[in-house]
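Just below is one structure, and these are the notes that go with it.
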Ligand SMILES: [Zn+2]
Ligand SMILES: [Zn+2]
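In my numbering, the protein residues as written are 10 to 293.
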C-alpha cells in the first residue's frame, strides 16, 4: 500500500494462526468460567478476566475473516473452537455466515459511495443505521435479528444445524450440573460483551467516529484510545478504534494499522475517504 511517497508491505495473517489463537483464547475463557462456577473466584473477578479474553476473541474472530485461507483448519473441526459453546443460544450465527455478511459490509462501504441501509441486502446495517437506540436494540438482540434476516433471505447455513447439535447437549449438561443461575451469569456476560462490541464496532465507528473525519479522529481520539487500551489491550483497542483504516486496508492486522494511520497524518492528501452510515450526519 502506498501513502504519499511511503510504501508499506504488510502481510495478512494466515487463518490457521488465528484458528490456533482462538482455541487458546477459548480455553482461557472456559478456565475463567469454571473457576467461577466452582467458586475459586468471585463474580466481579470473573467478569473482569472473562471480558479481557472474550474481547480479544471478538477481535480475533473478525481478523479471521480477512486472513489468508490457504492455511486453514477443516471447517468441521473449526466449529468446535469458533465460539463459546456454553453460552450461545441455539440459533446463534456461525462464522461462515457472519463472514459473508461482513464482506457485504465492506463492499457497501466503498470510496465515494454512500453505504446502503437496506437490511436484507446489507444485514450489518441494522447495527449502525437509524440512530443510537435502534442500533442498541439490534446489537442487544443481534443473534435473533440476524436469524430473522437469514430466514427472509433463505440463508440458513448447514453450520447452524451442526452447531445446534454440538452446543445444545453441552448447555443442557452445564445447566443440569451447575444450575440456571450460573448459566445465566455466563450468558449475560457474553451477550453484554458481544452487543457492546457490535455497538462500538459498527454504530460508533460508522457514525460518531466518522463524523469527526479521519484526521480529527486520530488527533482528538486519544482519550478513547487510552481508556480502550487500559480496558482491552492494544490489539483490541486498535481493532476497534482504527476502523476507518481497516476499511481502507482490510487485510492489515489491527496491531499494524497504527503504522498506516501515522503515515496518513504525515501525508493528509492520501487520506482514505469515509462516509458515515447515517443520513443525520453530514459527510465532511
Ligand atoms: Zn465497518
Ligand atoms: Zn472487516
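Virtual Cβ for every residue (Gly too), placed ideally from N, Cα, C.
In the DSSP assignment, what residue or residues form a beta bridge with residue i?
i: residue 181; result: Bridge partners of residue 181: none, in fact.
i: residue 16; result: 11
i: residue 77; result: 23
Report buried or exposed for residue i, applying the criterion of at least 16 other Cβ atoms within 10 angstroms of its Cβ.
i: residue 75; result: buried
i: residue 257; result: buried
i: residue 191; result: buried
i: residue 78; result: exposed
i: residue 28; result: buried
i: residue 291; result: Since pLDDT at residue 291 reaches only 35, below the 50 mark, its modelled position is unreliable, and no value is offered.
i: residue 271; result: exposed
i: residue 24; result: buried
i: residue 211; result: buried
i: residue 275; result: exposed
i: residue 130; result: exposed
i: residue 107; result: buried
Residue range of the alpha helix (DSSP H) that residue i falls in?
i: residue 155; result: 151-161
i: residue 270; result: 266-275
i: residue 211; result: From DSSP, residue 211 is part of no alpha helix (DSSP H); its letter is neither H nor E.
i: residue 104; result: 104-116
i: residue 237; result: 231-241
i: residue 138; result: Per DSSP, residue 138 belongs to no alpha helix (DSSP H) and is neither H nor E.
i: residue 254; result: 252-257
Measure how close the beta-carbons of residue i and residue j come, nearest whole angstrom, since I'm counting them as under 8 Å.
i: residue 19; j: residue 261; result: 5 Å
i: residue 41; j: residue 67; result: Not a contact, Cβ separation roughly 15 Å.
i: residue 98; j: residue 152; result: 6 Å
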